[in-house]
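One structure below.
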Amino acid sequence: MRIQIHDEALNQLLQKMKDADLKAPLRDSAIYMKNSIQQNFDAQGRPEKWQPLSPKYAAWKQKKGYSPDILILTGALRRSINISATAREARIFTGMKYDPIHQLGGSKIPARPFMVVQDEDISNIEDIFQRYYEKLGE
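Offset between the sequence shown (1-based) and this note's numbering: plus 235.
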């Protein structure tokens, strides 16, 4: 699964730095996005809340002593969110094979997108790159 950010202001800024090693701002952006994705779990979906659990599944989770939170059974999916960065690319990914079914939904599972770029994320990522660009000029 791949999510890309297409933002004109960010693209213009990146064009100015086309020959620079962007590993530092890409790493910082990936760390920022990992934290934003964690907030999606905390809020149980944002900007829109995830569809509630079915009453049957919610009752099963409660009976077994699991968290009532959506997309949290053992916490493995949330803990698997990881990052990597090179001079040209940042990646935020999970190590779980079942993450696409939760992100996109399936025949019996509603979509509960957790890898979501919020509007404020884009402006914060722009700020990360703007600060890096200003440091290059020093």
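Ideal Cβ placement from N, Cα and C applies to all residues, glycine included.
Burial check for tryptophan 295: the Cβ neighbour count within 10 Å stays below 16, so the residue is exposed. For alanine 311, the enclosing alpha helix (DSSP H) stretches over residues 311 to 314. Of the residues assessed, threonine 309 falls on the exposed side of the cut-off, its CB having fewer than 16 other CB atoms within 10 angstroms. In this structure, the beta-carbon distance from alanine 325 to glutamine 338 does not fall below 8 Å. For the pair asparagine 275 and methionine 252, the Cα-to-Cα distance works out to about 31 Å. Close CB contacts of aspartate 256 within its chain, under the 7 Å cut and outside five residues either way in sequence, are with Ala322 (chain order). For arginine 326, the beta-bridge partners assigned by DSSP are Ser319. Comparing alpha carbon positions, the residue from Lys299, Pro287, Phe349, Glu369 closest to asparagine 270 is Phe349. By the criterion of a C-beta distance shorter than 8 Å, leucine 249 is surrounded in its chain by Leu257, Phe364, once the five residues flanking it on both sides are discounted. Between methionine 331 and serine 342 the beta-carbon gap is near 19 Å, outside 8 Å, which marks them as no contact. Remark: C-beta atoms of leucine 245 and isoleucine 360 approach each other more closely than 8 Å. In terms of Cα proximity to aspartate 334, the closest of Ser319, Ile307, Lys370 is Ile307.
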